[in-house]
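Per my numbering, the sequence shown starts with residue -12, numbered consecutively. Beta carbons are placed, not taken as given, at the ideal position from N, Cα and C, and that holds for glycine. As the structure is a computational prediction, the values presented were derived from the model and not from experiment. The structure under discussion appears below in the form of structure tokens.
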Amino acid sequence: MTDDVLFLSGAQVARLLHVEAATASQRAAFTALGSGAADPPAKIMHPSRFDDSVAFAYVSRLSADSGAVAKSGSVDPGNAAAGQHTAHAAGVGIQDGGAARAVLRAAQGEAA
-12 MTDDVLFLSG
-2 AQVARLLHVE
8 AATASQRAAF
18 TALGSGAADP
28 PAKIMHPSRF
38 DDSVAFAYVS
48 RLSADSGAVA
58 KSGSVDPGNA
68 AAGQHTAHAA
78 GVGIQDGGAA
88 RAVLRAAQGE
98 AA
């Protein structure tokens, strides 16, 4: 195994990650959260002093034998008027002795 991080396009992820597998992983994550098995610290929420946007960040572990995940992003309602996405997030999955194994980026909302 190398320390290389593989970057995939949205189309590649859609082809490789089937809905059933994605749904199962989310069920496992939310079950761990609901049962108290996950280790999520408080999320940092930082309202902007410039407008109505909010920046956020958090780190978490699903279980004692899983790697950490770090996620950051922002919600920018004002972007809609410019035809841009209103929510953006990036996450890094960290496992295997600290090596990054996945980098995820997502955007949601209206975009031209």
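DSSP beta-bridge partners of residue i
{"i": "SER47", "result": "VAL56"}
{"i": "HIS102", "result": "Lying outside -12 to 99, the shown extent of the chain, residue 102 is not represented and no answer is given."}
{"i": "ALA68", "result": "None; ALA68 has no bridge partner."}
{"i": "SER61", "result": "ALA42 and HIS75"}
Anticipated Cβ contact below 8 Å, residue i with residue j, distance rounded
{"i": "HIS187", "j": "GLY60", "result": "As displayed, the chain neither begins before -12 nor continues past 99, which places residue 187 out of reach and without an answer."}
{"i": "VAL62", "j": "VAL41", "result": "5 Å"}
Opening and closing residue of the beta strand (DSSP E) in which residue i lies
{"i": "PRO34", "result": "31 to 34"}
request  = Assess, as a yes-or-no matter, whether the segment 24 to 35 is touched by the segment -2 to 7 under the definition of 3 or more beta carbon pairs within less than 8 Å.
outcome  = Touching, no, given that fewer than three Cβ pairs across the two stretches are closer than 8 Å.
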